[in-house]
Each structure stands twice: as C-alpha cells, then as structure tokens.
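Its first residue numbered 71, the sequence shown is counted upward by one per residue in my numbering.
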Amino acid sequence: NSQYQLFQSFLLRASSLSKMVVKFLRGYSLVFTGVMIRGTRSEMQGLVRRYGGAAPSSVGRLSPRRTQILIANPNELDPPTAKVQAALDAGWPIVSESWLDACLEVERILDLDEYLLSDSSPSPASSSSSY
71 NSQYQLFQSF
81 LLRASSLSKM
91 VVKFLRGYSL
101 VFTGVMIRGT
111 RSEMQGLVRR
121 YGGAAPSSVG
131 RLSPRRTQIL
141 IANPNELDPP
151 TAKVQAALDA
161 GWPIVSESWL
171 DACLEVERIL
181 DLDEYLLSDS
191 SPSPASSSSS
201 Y
C-alpha cells in the first residue's frame, strides 16, 4: 500500500543520508502501542531515533525532560490498553501514526490537534506503574 511505501522511503532515506538528517525529533519521546500500520514497531522506533528522538518501549521509561507523545492504533483506545491508560493518566497526548508521517514529510514537528485520538485528560486514578 502507498502509506507503507512512503514509510519505507523514509527508512531508506534515513539510512542513506544519516549525516544529513534533520534531528527535528530531538527533545521528544515517542512511545508506540498497538499494531503499527506503516511498519514494525522496531522500524518505527529506529526511525524516531534516527531523527533525534527517543523511542522507549513503555510509558514508564519516559524522561520528564522530553515532550512525551503516545502514538497509538485507534483500536487501542476502546477499551484503553494499559499503556494507553497510563498515558491518559499522565496527561500525554495520544496521536495516530499519521502525525509522525506528516512530521517526517516536512521534517519538523506539526501541531498535534489534527491527529489527536484522545483529549488525554488525566483520570482521577493515576498509576505509577510502567507499561
């Protein structure tokens, strides 16, 4: 599919132009949850790192010095998975993969509003567990 091909072209571009890559994700931690449409979770994490971001595997490992965003498959929200619930409790924005695709296309951070999957309002029962 064309979205997967677009993602693969970003991977190829990132690997062949590593010295010329704009590190526009510096200062961001992007956590992935659910089945990714555009590539494997490992490929997506590698791409985030290539562009200067952190890509921990769990919500609990995020750095408070970074902007924290959960990239989720919409199916993960109803009912929310443990990782989604942890992000909701912490008030992190939850966006679709399309946000990352759009950012990669222009090599800069775009406004999250158009891509939000949840309002990310913290729930009263916060948990400190790692997911």
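We treat Cβ as the ideally placed atom computed from N, Cα and C, and that holds for glycine.
If you're wondering where the values come from, they're calculated on a predicted model, not measured in any experiment.
Run of the beta strand (DSSP E) containing residue i, from where it starts to where it stops
i: residue 51; result: Past the boundaries of the shown model lies residue 51; the chain is included only from 71 to 201, so the question cannot be answered.
i: residue 118; result: No beta strand (DSSP E) holds residue 118; the alpha helix (DSSP H) holding it covers 111–120.
i: residue 60; result: Any answer about residue 60 is impossible in this case: the structure gives the chain only from 71 up to 201.
Same chain, Cβ closer than 6 angstroms to residue i, five either side skipped, listed in chain order
i: residue 115; result: 125
i: residue 177; result: 92 and 94
i: residue 106; result: 114
The alpha helix (DSSP H) enclosing residue i, as first and last residue numbers
i: residue 168; result: 167–176
i: residue 180; result: Element bounds for residue 180: n/a, residue is neither H nor E.
Among the options, the one whose alpha carbon lies nearest that of residue i
i: residue 183; options: 176, 172 and 152; result: 172
i: residue 135; options: 123, 145, 91 and 154; result: 123
i: residue 159; options: 176, 139, 174 and 170; result: 139
i: residue 161; options: 75, 137 and 180; result: 137
i: residue 128; options: 107, 157 and 119; result: 157
i: residue 90; options: 72, 120 and 108; result: 120
i: residue 152; options: 169, 168, 102 and 72; result: 102
i: residue 170; options: 150, 155 and 117; result: 117
i: residue 149; options: 79, 104 and 75; result: 104
i: residue 108; options: 130, 100, 75 and 82; result: 75
Close Cβ partners of residue i (< 7 angstroms) along its chain, the five nearest in sequence each way excluded
i: residue 187; result: 142, 144, 147, 164, 165 and 166
i: residue 185; result: 165, 166, 168 and 169
Check: residue i C-beta below 8 angstroms from any heavy atom of the ligand NAP
i: residue 97; result: Judged by which ligands are present, the structure shown has none, so any question about the ligand NAP falls away.
Nonlocal neighbours in the same chain, by C-beta distance under 8 angstroms from residue i, ignoring five residues either side
i: residue 179; result: 94, 95, 98 and 173
For this session: Entirely within the region 127–154 and at least 3 residues each: give me those beta strand (DSSP E) ranges in chain order.
Result: If you keep only unbroken beta strand (DSSP E) runs of at least 3 residues inside the region 127–154, you get 137–142.
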